[in-house]
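Colleague:
Protein chains in written order, with this note's numbering: chain P, -1 to 194; chain C, -1 to 194; chain L, -1 to 194; chain R, -1 to 194.
(1) Would you please verify whether the beta carbon of residue 78 of chain R is less than 8 Å from any beta carbon of chain P?
(2) Classify residue 166 of chain P as buried or exposed, calling it buried when 16 or more other Cβ atoms lie within 10 Å of its own Cβ.
(3) In the DSSP output, what is residue 66 of chain R paired with across the bridge?
(4) Contact defined as beta carbons within less than 8 Å: I believe residue 172 of chain C pairs with residue 107 of chain C. What is the distance between those atoms, to the nearest angstrom?
(5) Could you tell me whether any non-hydrogen atom of the ligand FAD is closer than 7 Å to the CB of residue 33 of chain R?
(6) For chain L, check one thing: does any of its Cβ atoms lie closer than 8 Å to the Cβ of residue 154 of chain C?
(7) Count the other CB atoms, across all protein chains shown, that sit within 10 Å of the CB of residue 3 of chain C; report buried if there are 16 or more and exposed otherwise.
(8) Which of the three DSSP states, helix, strand or coil, is assigned to residue 24 of chain R?
(9) Taking only runs of the beta strand (DSSP E) that begin and end inside the stretch 132 to 180 of chain R, which ones reach a length of at least 3 residues, in chain order?
(10) Closer than 7 Å by C-beta to residue 74 of chain R: which residues in its own chain qualify, once you throw out the five before and the five after it? Chain order, please.
(11) Within the 8 Å Cβ cut-off, does residue 132 of chain C reach chain L?
(12) Which residue's Cα is closest to the Cα of residue 186 of chain C: C:35, C:57, C:29?
(13) Between the alpha carbons of residue 86 of chain C and residue 14 of chain P, how many angstroms are there, rounded?
(14) Quick one: using the 10 Å Cβ neighbour count with 16 as the cut-off for buried, is residue 163 of chain L buried or exposed?
(15) Identify which residue in R:31, R:69, R:11, R:23 has its Cα closest to the Cα of residue 53 of chain R.
(16) At which residue ranges does the stretch 36 to 108 of chain L contain complete alpha helix (DSSP H) runs of 4 or more residues, listed in the order of the chain?
(17) Answer with yes or no whether the minimum CB distance from residue 135 of chain L to chain C is below 8 Å.
(18) Given this structure, state the Cα-to-Cα distance separating residue 170 of chain R from residue 178 of chain L, to the nearest angstrom.
(19) If you compare alpha carbons, which of L:22, L:128, L:113, L:146 is closest to residue 176 of chain L?
(20) Buried or exposed for residue 9 of chain L, please, with buried defined as at least 16 other CB atoms from any protein chain shown within 10 angstroms of its CB.
(21) Give a yes or no on whether the C-beta atoms belonging to residue 188 of chain C and residue 71 of chain P are separated by under 8 Å.
(22) Mind checking residue 68 of chain R: buried by the 16 CB within 10 Å criterion, or exposed?
(23) Could you spell out where the alpha helix (DSSP H) holding residue 18 of chain L opens and where it closes?
(24) Does any C-beta atom of chain C lie closer than 8 Å to the C-beta of residue 97 of chain P?
(25) Would you be able to state if there are at least three C-beta pairs under 8 Å between the stretch 30 to 42 of chain P and the stretch 95 to 107 of chain R?
(26) Which same chain residues, not among the five before or five after residue 99 of chain C, have their C-beta less than 7 Å away from its C-beta?
(27) Would a C-beta distance cut-off of 8 Å place residue 18 of chain R and residue 45 of chain R closer than the cut-off?
(28) Out of L:115, L:96, L:121, L:7, which one is the CA nearest neighbour of residue 61 of chain L?
(29) So, using beta-carbon positions, are residue 155 of chain C and residue 118 of chain C closer together than 8 Å?
(30) Going by C-alpha distance, which of L:135, L:153, L:181, L:180 is nearest residue 64 of chain L?
(31) Output, in chain order, the set of chain P residues within a Cβ distance shorter than 8 Å of residue 50 of chain C.
(32) Under three-state DSSP, which class holds residue 29 of chain C?
(33) Compare the C-beta of residue 68 of chain R against all C-beta atoms of chain D and say whether one is closer than 8 Å.
(34) In whole angstroms, what separates the C-alpha of residue 90 of chain L from that of residue 91 of chain P?
(35) Measure the C-alpha to C-alpha separation of residue 84 of chain P and residue 146 of chain R and round it to an integer number of angstroms.
(36) Is it right to say residue 37 of chain C is buried, meaning 16 or more other beta carbons lie within 10 angstroms of its own, or is it exposed?
Laid out in structure tokens, this is it:
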């Protein structure tokens, strides 16, 4: 089976999930608009963090698919489950933006973190399924690059789980960690790109 | 006529219909958020069932298009009708999630099941139009594979119709059957993929 | 300039505009759901008419792009204006569905018809710009096919304008005409496909 | 790294952001519909300006990608940030349409203008990153064309910043300027296309 339609479907889900984040943005009517636009800063922060996080996962998906020669039905099915979690992201993003300053902050941060942790787990699952015994890889995929990808993606689930667990103590610290992770991956991605 | 633009359009509709499911997710404001996030579990279940169902249909559409060499206007027109039903799915999904626990459960399950039954019927229609006398098939499409597809898709409409009719007795059982079907097709798709 | 990115962008707009129609569907809460799902039949009709209309335009756009060898910036700019009208369609569709049975029927039918008339006008504009002196056409585009397209598209604007003007007398008759036109183009497209 | 998946992702975001503008359109229920459809003209104007603006940026992105041979991770990361601003546009568009005639006009025009200014800045950033020392350009990209792009894009940020600052004196004049810029770029793009 060729891989190009999976790429088209995945690119569509990534693009739509990221763009739907804009529907989360809203001001309360009946207050002075200038003031409203300032106090909703958590909405901008949540938008930026989720958009960049989805964008970085998209870039990494790009890297994974670049190593893959073909896909089978199991890989397609795992990809559908992975994409179901990606498409879910706008919902906990809205919760985090709306509740980070009220008493729903802990539940919102836990929901957001759980979603990102699941994303990292499914991302590892599709990569490991493809790389197991080089099942779906290109003939000329370099073993060093393959092992480098496996190693670097293995960090994702424990890191996001840790940032999620922090919400049990401090939802604000957990949210700040999600922001720091998005920033770190953005910088790391840019610098890594320059090194190549 | 080349088939690549139909694939792009169809992949777009599949991806958007699946991702729009996320807009169905909502909590009632004014209640403790943690509790709300638990009691809306039917929303998560409906999201997962519909997303996976759309994903499996997308994989099967992939299989069908793989056997097809070119498309004609009749096939494009049938595909538009088929995609109109796919794009409709988020609406009965929302009804099912919101009403499965109140007295609208039966109507919601019937609406959901009717939509999935129509999906299965239109999917058979586009396949049978293409396969009739091998009208649109690739020269090298194996007769055995073609007949295998015809046989396995023929089960879709009666199975979904049966699960829909169950709602007349028990909407909850009907909804459980839709979930079981999504799970079955996911497992079957994965195992079938491994066998190949 | 290659034409493939215009096709990708246009396919995206067509697919999203058609799929967003599903967000128009809604029942009034607090009434028995089964009854509600029956009395909102104008919503289903409006969904079907608009989805099929967008689908037929997409098929025709497919036909036009098939005759075109390359695009220039003027053609891209005209295409953006054309796609702006396509993406607008979900709004008057919602108005038509909600108001066809109340005293907003005439305004809703006029808004819907004006949008479809503008769509037909812009569609003619992009085709005529491309076909003028065979400016953007493929070398091997047959003159007979080109003139056939010009002739058949020329009917669009006056027909949709006429169906719109009918709303001044009877909004219901105007809406029925839009449905009849969608049905006619669906059948004509299928039969035309069989003849080829 | 090949550039085709970036184009697919970017085309998706452009198409979705433009099409989501249609969700901003709404009438107040309970008033005569015909009258409502006339007094919401700022919504149509805002829809048209934003759709055309996104469309023109898409055409220019097309031009930029045409000069580029390949992409690296830094370019992908910068593109994600650029696309995050594009996908944000529907939010300030809604604010501008709803508040241009009330006392939130200044805040709305500033929000809209700031977003478009940021768009212009990020667009320059991705182009300059690609063109710096011809880092990502095609071997056969003509130096004259490259410098022409650099020169013409350099006008974007100061022009949009100026139109934004005008809102401090007159929000209506600022909004009119955004409309005039969209019209100017549409005409300039068409005429430029004819000259080629």
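Glycine included, each C-beta is placed from N, C-alpha and C at the ideal position.
Modeller: Let's see:
(1) Looking up residue 78 of chain R in the fourth chain gives position 80. When Cβ-Cβ separations below 8 Å define contact, residue 78 of chain R makes contact with chain P.
(2) One-based indexing of the first chain puts residue 166 of chain P at position 168. Here residue 166 of chain P is exposed. Its C-beta has fewer than 16 other C-beta atoms within 10 Å.
(3) Residue mapping note: residue 66 of chain R aligns to position 68 of the fourth chain, counting from 1. When DSSP reads this structure, residue 66 of chain R sits in a beta bridge with R:135.
(4) The residue you call residue 172 of chain C lines up with position 174 of the second chain. The residue you call residue 107 of chain C lines up with position 109 of the second chain. With a Cβ gap of about 4 Å, residue 172 of chain C and residue 107 of chain C count as contacting.
(5) Among the components of this structure there are no ligands whatsoever, and the ligand FAD is therefore not found.
(6) Position 156 of the second chain, counting from 1, holds the residue named residue 154 of chain C. No - not a single Cβ of chain L is within 8 Å of the one on residue 154 of chain C.
(7) Taking the second chain and counting its residues from 1, one reaches residue 3 of chain C at position 5. Its Cβ being crowded by 16 or more others within 10 Å, residue 3 of chain C is buried.
(8) Stepping through the fourth chain from its first residue, residue 24 of chain R is reached at position 26. Residue 24 of chain R falls in the coil class under three-state DSSP.
(9) Runs of the beta strand (DSSP E) inside the stretch 132 to 180 of chain R: none found.
(10) Numbered from its first residue, the fourth chain carries residue 74 of chain R at position 76. Correct list, in chain order: 4.
(11) As a working mapping, residue 132 of chain C is identified with position 134 in the second chain. Not one chain L Cβ lies under 8 Å of residue 132 of chain C.
(12) Walking along the second chain from the start, residue 186 of chain C turns up at place 188. The option with the nearest alpha carbon to residue 186 of chain C is C:57.
(13) In the second chain, residue 86 of chain C corresponds to position 88, counting from 1. In the first chain, residue 14 of chain P corresponds to position 16, counting from 1. If you draw a straight line from the Cα of residue 86 of chain C to the Cα of residue 14 of chain P, it comes to about 17 Å.
(14) In the third chain, counting from the first residue as 1, residue 163 of chain L sits at position 165. The residue in question, residue 163 of chain L, is exposed, as its Cβ has fewer than 16 Cβ neighbours within 10 Å.
(15) Looking up residue 53 of chain R in the fourth chain gives position 55. Considering only alpha carbons, the answer is R:11.
(16) Those alpha helix (DSSP H) runs which fall completely within the stretch 36 to 108 of chain L and span 4+ residues are 39 to 65, 71 to 86, 88 to 97.
(17) Translated into positions along the third chain, residue 135 of chain L becomes position 137. For residue 135 of chain L, not one C-beta of chain C is nearer than 8 Å to its own C-beta.
(18) As a working mapping, residue 170 of chain R is identified with position 172 in the fourth chain. As a working mapping, residue 178 of chain L is identified with position 180 in the third chain. Those two C-alpha atoms are separated by around 44 Å.
(19) As a first step, residue 176 of chain L is located in the third chain; it is residue number 178 there, counting from the start. Comparing Cα-Cα distances from residue 176 of chain L to each of L:22, L:128, L:113, L:146, the minimum goes to L:113.
(20) Numbered from its first residue, the third chain carries residue 9 of chain L at position 11. Label assigned to residue 9 of chain L: buried.
(21) As a working note, residue 188 of chain C is residue 190 in the second chain. As a working note, residue 71 of chain P is residue 73 in the first chain. Going by C-beta atoms, residue 188 of chain C is nearer than 8 Å to residue 71 of chain P.
(22) Taking the fourth chain and counting its residues from 1, one reaches residue 68 of chain R at position 70. By the neighbour-count criterion, in which a residue is buried when 16 or more other Cβ atoms sit within 10 angstroms of its Cβ, residue 68 of chain R is exposed.
(23) One-based indexing of the third chain puts residue 18 of chain L at position 20. Where residue 18 of chain L is concerned, the enclosing alpha helix (DSSP H) stretches over 2 to 18.
(24) As a working note, residue 97 of chain P is residue 99 in the first chain. Chain C, which has a Cβ nearer than 8 Å to the Cβ of residue 97 of chain P, makes this yes.
(25) Enough Cβ pairs lie closer than 8 Å, so yes.
(26) For the purposes of this step, residue 99 of chain C is taken as residue 101 along the second chain, with counting starting at 1. The residues are 40.
(27) Taking the first residue of the fourth chain as position 1, residue 18 of chain R is located at position 20. Taking the first residue of the fourth chain as position 1, residue 45 of chain R is located at position 47. Not closer than 8 Å, so no.
(28) Start at 1 with the first residue of the third chain, and residue 61 of chain L comes out as number 63. Comparing C-alpha distances from residue 61 of chain L to each of L:115, L:96, L:121, L:7 shows the shortest one belongs to L:121.
(29) Within the second chain, residue 155 of chain C is the residue found at index 157, counting from 1. Within the second chain, residue 118 of chain C is the residue found at index 120, counting from 1. Yes.
(30) Walking along the third chain from the start, residue 64 of chain L turns up at place 66. Nearest option by C-alpha distance: L:135.
(31) To locate residue 50 of chain C, count along the second chain from 1; it is residue 52. By Cβ distance, chain P contributes 78, 79, 82.
(32) Counting from 1 along the second chain, the entry for residue 29 of chain C is found at position 31. Per DSSP, reduced to three states, the secondary structure at residue 29 of chain C is coil, with no helix or strand assignment.
(33) The chain inventory of the structure shown lacks chain D, comprising the protein chains P, C, L and R.
(34) Start at 1 with the first residue of the third chain, and residue 90 of chain L comes out as number 92. Start at 1 with the first residue of the first chain, and residue 91 of chain P comes out as number 93. Residue 90 of chain L and residue 91 of chain P: Cα-Cα distance of roughly 31 Å.
(35) Position 86 of the first chain, counting from 1, holds the residue named residue 84 of chain P. Position 148 of the fourth chain, counting from 1, holds the residue named residue 146 of chain R. Residue 146 of chain R has its alpha-carbon roughly 40 Å from the corresponding atom of residue 84 of chain P.
(36) To locate residue 37 of chain C, count along the second chain from 1; it is residue 39. It is exposed - the Cβ of residue 37 of chain C has fewer than 16 other Cβ atoms within 10 Å.
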